[in-house]
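Novice:
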Amino acid sequence: MGLKQNLHKLKEKYKGKKMAPAFNAIHTFLYLPNETTHNGTHVKGADDLKRTMNTVIMALVPCLIFGIFNAGYQHYLATGEISKAAGFLSPEFWSMANFSMGAWKVLPIVVVSYVVGLAVEFIFAVIKGHEVEEGYLVTGMLVPLIVPVDIPLWMLAVAVIFGVVIGKEVFGGTGMNILNPALTIRAFLFFAYPTWMSGDKVWVHGAVERANEIAGGANVDAISGETILGSLAQNKAFDYDIMDMFYGLIPGSIGETSTLLILIGGLFLIFTKIGSWRIMVSAIIGALAMGLIFNGVVDQGWIGEGSKFFSLMSTEFWHHLLIGGLAFGIVYMATDPVTASQTNRGKWIYGFLIGFISVTIRVFNPAYPEGVMLAILLMNVFAPTIDHYVLQGNIKRRAKRLKVKTA
Amino acid sequence: MSKDIKIRKGLNINLKGEADKTLSKAPRSRTFAIRPQDFHLVTPKMTLKEGAKVQAGDTIFHSKSNEDIKFVSPVSGTLSEIERGAKRVITKITIEGDQQDTYKDFGIINPDSMKPEEIKSHLLSSGCWPFIKQRPYAVVANPQSTPKAIFVSGYSTGPLVADLDFTLKGKENELQAALTALSKLTEGKVHVCIGKSGASPLDGLKDVTIHKISGPHPAGNVGTQIAKIDPVNKGEVVWTVNAQDLVIIGELILTGRFNAERVIALSGSSVKAPKYYTTKIGAEVATFIYDSGLSEDNSRVISGDVLSGTQISPKAHLGFYDNTVTVIPEGDDYEFFGWNKPIFNKISPSRALTFSWMMPKKKYDLNTNTNGEHRAFVVTGNYEEVFPLDIYPLQILKACMVKDLDQMEALGMYEVAPEDFSLTEFICVSKQPHQQIIREGLDLMYKEIG
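So the sequences go chain by chain: E and X. Here the first sequence stands for residues 198 to 604, numbered as in my numbering. Here the second sequence stands for residues 51 to 500, numbered as in my numbering.
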């Protein structure tokens, strides 16, 4: 084992030096370290943070692969080069052309996300002299999946730097942050460059370019890449059926369209006990509850067809889970253990409110019909408060036990 | 009167190298040692000098803060060395043993007809007091306090620990004498927990309340039992005694001698033929660990169990409270892509490409590798699955780390001992030293409040 010995010698050589964290990060990527326990437990469970993070990445890979195909598919569909795919396994969708077009657009986004984000992590690790922590492994994968396919790479790089520094490092790094870093990056993009993050031109590759050509006088058809939520918010019709939405053959951010694959990923996370089923289940319940309330409002006739909220309010309550990023947010973002509630009872409340608020924002904010990002960020802020009250319950129970005794 | 307790949360850690239920007598150790670190927060004040002759039961030091708490020699011989560490703290007191022990005679007593104060002073003067520990703080009991109850665990669930049903066999008279004496020292009851299945020698003894307990580890931890039977509230004190030490207390009562003899389990996957030995407190572990040979040269010797024992050198001595010595392989080697490949040979509470959940009966050969690096707390909700106390483990650990005394108290710090957090430490994804955090938290509280 030449590599093993050589790396070990290098590790000893650089011990205590400034660059040690950067070297160790690469070393521990290749080899589980030779660290042994001291007093305390002399044996340890098999899981470490890398394995935990890696499990989440595994759950995300199907969404990424699907997103690559979908980017190409939506592009060629909009330009009219291919016809609409029939069903999930349709050859129109899983074609080499779709893949190469999608990969050409999506892989640079993945690379920029990881390179920029990890560079910031390494710099902070070297400056502060701590080990490079694994948090960004998942964030770096989440970011490409929640941005539109045509986002300029420099914009993404700026947002990643902002998100990692302000969202995480200023609080002390992995495990200390208040807001989900991936959503901080997404929110930064949304508020700094709104024209690139919403509207009907950004979701399909080529739409912006085509719009510019038209403005320049070219005689071509405009590409409309409106998302379903965007259409609903403007009371417009759209021609996707329920199965298209479930399979994910619709425009949207790169990785969030396929509810089917998100469902599989979510079940995998629950099975491996890495994702919190409490948050996922309660968030779904919350979204359905709010959807039902709005359906009820429509059924009661309290709101007319002329209202700008009518389309979204009358969307059948369970369709909310299929459209937009709600499912993706619930499974991969809301369950981030650092920023979620940390008590089991708190997780129920936290998840429920995320689902509830997401649908509320969707309906009442037509300018930005995707509410899940803001709902999760909002609940990230409130998670410690929820935990505080859950803990108070335990504290009161203990105090009561004492009172019964002394009375 | 018997009440059944069922523990649901927990995790059994099945390891290879369980001690075979045969008993051998370990050869007589040349030296015996007492480590004052075993008595947490006790500052020793020597009463003898190097070179002094002692009998078994002669006081060698007492607690600086309370002269009544005496610590006695386990054997007769010559006090050969007082080893001191940094700041001249006494780290080890070594006694060169005689060929044959002679005992100091403390007199036979009948606890049934004695006042609590008399029993107390008898235990204190004979060196049996340190066997009684107290909660809060998990330290040697304060003789001035009166406990609301006394707890004894007669059930062993920890990995590779001595089976008390086996080690206590035939000691019913001693156990009864000790329990009768203890029952006089509390206003409440003496609670004894025994396994639901199995024949415990403690079953059917009088002056105690027997509870039958079942479920995974930590069902056998006395902390779990206290939490289920009568949790400690602010201002209350409970005492705990290890079941095997009742034998020594009982023998003192019945014969007037401090006989430090103890049946211990030698276990662990590095031991070729793990089994039980009769030895004495403070004996050199080398007298029995090499008896059948070690299969692995690069091994760690632990006085105690793998979850909360103390790492010792193979030349060192058996701890004061330990009835198990475990020898397991060291894990100071790298493992290629150890963080992402499927794992079949280690225990994991998750299913993240780890497969121990498929084989709950399989026995594992774990080494001392940490299986990952120390990180900040990230994962939540996993400790609760193995932690049966009505306490929020993550939150109390964080309260200890930030030294928030009010929060520590409110979240139940009076109820816990470091060993209660051994399972959460075992499964911790961030490899945090839970027991050390709790110990430091308890010490801080003891200093500020206690």
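All C-beta atoms in this analysis are idealised placements derived from N, C-alpha and C, irrespective of residue type, glycine included. Predicted, not measured: the structure shown is a model, and the values here were computed from it.
Taking the alpha-carbon positions, what's the M408 of chain X to T532 of chain E distance?
Specialist: Counting from one through the second sequence, the residue named residue 408 of chain X turns up at place 358. Counting from one through the first sequence, the residue named residue 532 of chain E turns up at place 335. Near 25 Å, if we compare the C-alpha coordinates of T532 of chain E and M408 of chain X.
Novice: V291 of chain X lies in the beta strand (DSSP E); which residues open and close that run?
Specialist: Residue 291 of chain X sits at position 241 when you count from the first residue of the second sequence. Counting along the chain, the beta strand (DSSP E) containing V291 of chain X begins and ends at 288-292.
Novice: Residues bridged to E330 of chain E by DSSP?
Specialist: Sequence index remark: in the first sequence, residue 330 of chain E carries index 133 (1-based). BP columns for E330 of chain E are empty, so no partner.
Novice: Report the rounded CA-to-CA distance for I55 of chain X versus I143 of chain X, giving the unit in angstroms.
Specialist: Here residue 55 of chain X refers to the residue found at position 5 when the second sequence is read from its first residue. Here residue 143 of chain X refers to the residue found at position 93 when the second sequence is read from its first residue. Distance between the alpha carbons of I55 of chain X and I143 of chain X is about 42 Å.
Novice: Flag this pair as yes or no: are the beta carbons of T21 of chain X and S317 of chain X separated by less than 8 Å?
Specialist: As shown, chain X starts at 51 and ends at 500. That puts residue 21 of chain X outside it, with no answer to give.
Novice: Applying a beta-carbon distance threshold of less than 9 Å, which residues of chain E neighbour G238 of chain X?
Specialist: What you label residue 238 of chain X is simply residue 188 of the second sequence in a count that begins at 1. Correct list: empty, because the minimum Cβ distance to chain E is about 12 Å.
Novice: If you check the beta carbons only, do S455 of chain E and Y437 of chain E fall under 8 Å apart?
Specialist: As a first step, residue 455 of chain E is located in the first sequence; it is residue number 258 there, counting from the start. As a first step, residue 437 of chain E is located in the first sequence; it is residue number 240 there, counting from the start. No, the Cβ-Cβ distance between S455 of chain E and Y437 of chain E is not below 8 Å.
Novice: For the segment 210-224 of chain X against the segment 151-162 of chain X, are there 3 or more C-beta pairs whose distance is under 8 Å?
Specialist: Contact fails: fewer than three Cβ-Cβ distances are below 8 Å.
Novice: DSSP state of I279 of chain E, grouped into three classes?
Specialist: The residue given as residue 279 of chain E occupies position 82 in the first sequence. Three-state DSSP puts I279 of chain E in coil, outside helix and strand.
Novice: Three or more beta-carbon pairs under 8 Å between the segment 328-341 of chain X and the segment 114-122 of chain X, yes or no?
Specialist: Judged by Cβ distances under 8 Å, the segment 328-341 of chain X makes no contact with the segment 114-122 of chain X, as fewer than three pairs qualify.
Novice: Which residue spans inside the segment 332-389 of chain E form an unbroken alpha helix (DSSP H) run of at least 4?
Specialist: Correct list: 332-342, 350-364, 378-389.
Novice: Taking Cβ-Cβ distances shorter than 7 Å, what residues in chain X pair up with G237 of chain E?
Specialist: To locate residue 237 of chain E, count along the first sequence from 1; it is residue 40. Those within 7 Å of G237 of chain E in chain X are E475, P483, Q485, Q486.
Novice: Let me know the secondary structure DSSP gives K544 of chain E once reduced to three states.
Specialist: On the first sequence, position 347 is the one that residue 544 of chain E refers to. In this structure, K544 of chain E counts as helix in the three-state DSSP scheme.
Novice: State the Cα-Cα distance for the pair H516 of chain E and I439 of chain E, rounded to the nearest angstrom.
Specialist: Position 319 of the first sequence, counted from the start, is the residue given in the question as residue 516 of chain E. Position 242 of the first sequence, counted from the start, is the residue given in the question as residue 439 of chain E. The straight-line gap from Cα to Cα measures roughly 8 Å.
Novice: Give the interface partners of V535 of chain E over in chain X, defined as CB-CB distance under 7 Å, in chain order.
Specialist: In the first sequence, the residue the question calls residue 535 of chain E occupies position 338. V428, listed in chain order.
Novice: Taking DSSP's pairing of strands, which residues face T128 of chain X in a bridge?
Specialist: Taking the second sequence and counting its residues from 1, one reaches residue 128 of chain X at position 78. According to DSSP, T128 of chain X bridges with X:K103, X:E146.
Novice: If you follow the beta strand (DSSP E) that G493 of chain E is in, where does it begin and where does it stop?
Specialist: Taking the first residue of the first sequence as 1, we reach residue 493 of chain E at position 296. It is not in any beta strand (DSSP E) - G493 of chain E instead sits in the alpha helix (DSSP H) that spans 474-496.
Novice: Run through the segment 162-242 of chain X for me and flag every whole beta strand (DSSP E) of 3 or more residues, listed as ranges in chain order.
Specialist: Correct list: 182-185, 199-203.
Novice: Please classify M51 of chain X: is it buried, with 16 or more other beta-carbons within 10 angstroms of its beta-carbon, or exposed?
Specialist: Taking the second sequence and counting its residues from 1, one reaches residue 51 of chain X at position 1. Residue placement at M51 of chain X cannot be trusted, given a pLDDT of 46 that sits under 50; what the coordinates show is reported in the next sentence. When all chains shown are included, M51 of chain X counts as exposed.
Novice: If we cut at 8 Å on Cβ distances, does F387 of chain X have a partner in chain E?
Specialist: In the second sequence, counting from the first residue as 1, residue 387 of chain X sits at position 337. Yes, F387 of chain X lies at the interface with chain E (some Cβ there is under 8 Å from its Cβ).
Novice: To the nearest angstrom, report how far apart E328 of chain E and S480 of chain X are at their CA atoms.
Specialist: Against the first sequence, residue 328 of chain E aligns to sequence position 131. Against the second sequence, residue 480 of chain X aligns to sequence position 430. Those two C-alpha atoms are separated by around 13 Å.
Novice: Under the three-state reduction of DSSP, which class applies to M51 of chain X: helix, strand or coil?
Specialist: Here residue 51 of chain X refers to the residue found at position 1 of the second sequence. Any reading at M51 of chain X is ruled out, since the residue's pLDDT is 46, under 50, leaving its predicted position unreliable.
Novice: Closer than 7 Å by C-beta to E453 of chain E: which residues in its own chain qualify, once you throw out the five before and the five after it? Chain order, please.
Specialist: As a first step, residue 453 of chain E must be located in the first sequence, where it is residue number 256. Once the five neighbours on either side are set aside, the close Cβ partners of E453 of chain E are L342, I343, G522, F525.
Novice: Based on the DSSP output, what are the partners of S317 of chain X in its beta bridges?
Specialist: In the second sequence, residue 317 of chain X corresponds to position 267, counting from 1. According to DSSP, S317 of chain X bridges with X:T376.
Novice: Can you name the start and end residues of the alpha helix (DSSP H) that M394 of chain E belongs to?
Specialist: Along the first sequence, one-based indexing puts residue 394 of chain E at 197. Taken as a continuous stretch (DSSP letters only), the alpha helix (DSSP H) holding M394 of chain E covers 391-394.
Novice: Identify the contact partners of N203 of chain E in chain X, using a Cβ-Cβ distance below 8 Å as the criterion.
Specialist: On the first sequence, residue 203 of chain E is found 6 positions in, with the first residue counted as 1. By Cβ distance, chain X contributes nothing, its closest Cβ being about 11 Å from N203 of chain E, past 8 Å.
Novice: May I ask you to list the residues that DSSP assigns as paired with D70 of chain X?
Specialist: Reading the second sequence from its first residue, position 20 is the one you call residue 70 of chain X. Paired residue(s): X:K325.
Novice: Report yes if the C-beta distance between K241 of chain E and F394 of chain X is below 8 Å; otherwise report no.
Specialist: Taking the first sequence and counting its residues from 1, the one referred to as residue 241 of chain E is at position 44. Taking the second sequence and counting its residues from 1, the one referred to as residue 394 of chain X is at position 344. No, they are not a contact pair.
Novice: Pull out every residue of the segment 241-252 of chain E whose Cβ sits closer than 7 Å to any Cβ of chain X, in chain order.
Specialist: Cβ contacts with chain X come from K241, G242, A243, D244, D245, L246, K247, R248, T249, N251, T252.
Novice: Less than 8 Å between the CB atoms is what I'm expecting for S398 of chain X and T238 of chain E, so what's the real figure, rounded?
Specialist: Sequence index remark: in the second sequence, residue 398 of chain X carries index 348 (1-based). Sequence index remark: in the first sequence, residue 238 of chain E carries index 41 (1-based). Actually they are not in contact, since the Cβ atoms of S398 of chain X and T238 of chain E sit about 14 Å apart, beyond 8 Å.
Novice: Pop quiz: V309 of chain E and L334 of chain E are said to be a contact at Cβ under 8 Å. What is the actual Cβ separation, rounded to whole angstroms?
Specialist: Translated into positions along the first sequence, residue 309 of chain E becomes position 112. Translated into positions along the first sequence, residue 334 of chain E becomes position 137. Contact doesn't hold; Cβ gap of about 16 Å is too wide.
Novice: For M373 of chain E, return the contacting residues in chain X, with the cut-off set at a CB-CB distance below 7 Å.
Specialist: The residue labelled residue 373 of chain E in the question sits at position 176 within the first sequence. Correct list: A426.
Novice: Output yes if chain E places a C-beta closer than 8 Å to the C-beta of G431 of chain X; else output no.
Specialist: Within the second sequence, numbered from 1, the residue matching residue 431 of chain X stands at position 381. So yes, G431 of chain X belongs to the interface.
Novice: Starting from A83 of chain X and walking both ways along the beta strand (DSSP E), at which residues does that stretch end?
Specialist: Mapped onto the second sequence, residue 83 of chain X falls at position 33. Where A83 of chain X is concerned, the enclosing beta strand (DSSP E) stretches over 81-84.
Novice: Is the shortest distance between the beta-carbon of L550 of chain E and the beta-carbons of chain X less than 8 Å?
Specialist: The count along the first sequence starts at 1 and reaches residue 550 of chain E at position 353. No - not a single Cβ of chain X is within 8 Å of the one on L550 of chain E.
Novice: Does the beta-carbon distance from F181 of chain X to N309 of chain X come in below 8 Å?
Specialist: Taking the second sequence and counting its residues from 1, the one referred to as residue 181 of chain X is at position 131. Taking the second sequence and counting its residues from 1, the one referred to as residue 309 of chain X is at position 259. The answer is no: Cβ separation not under 8 Å.
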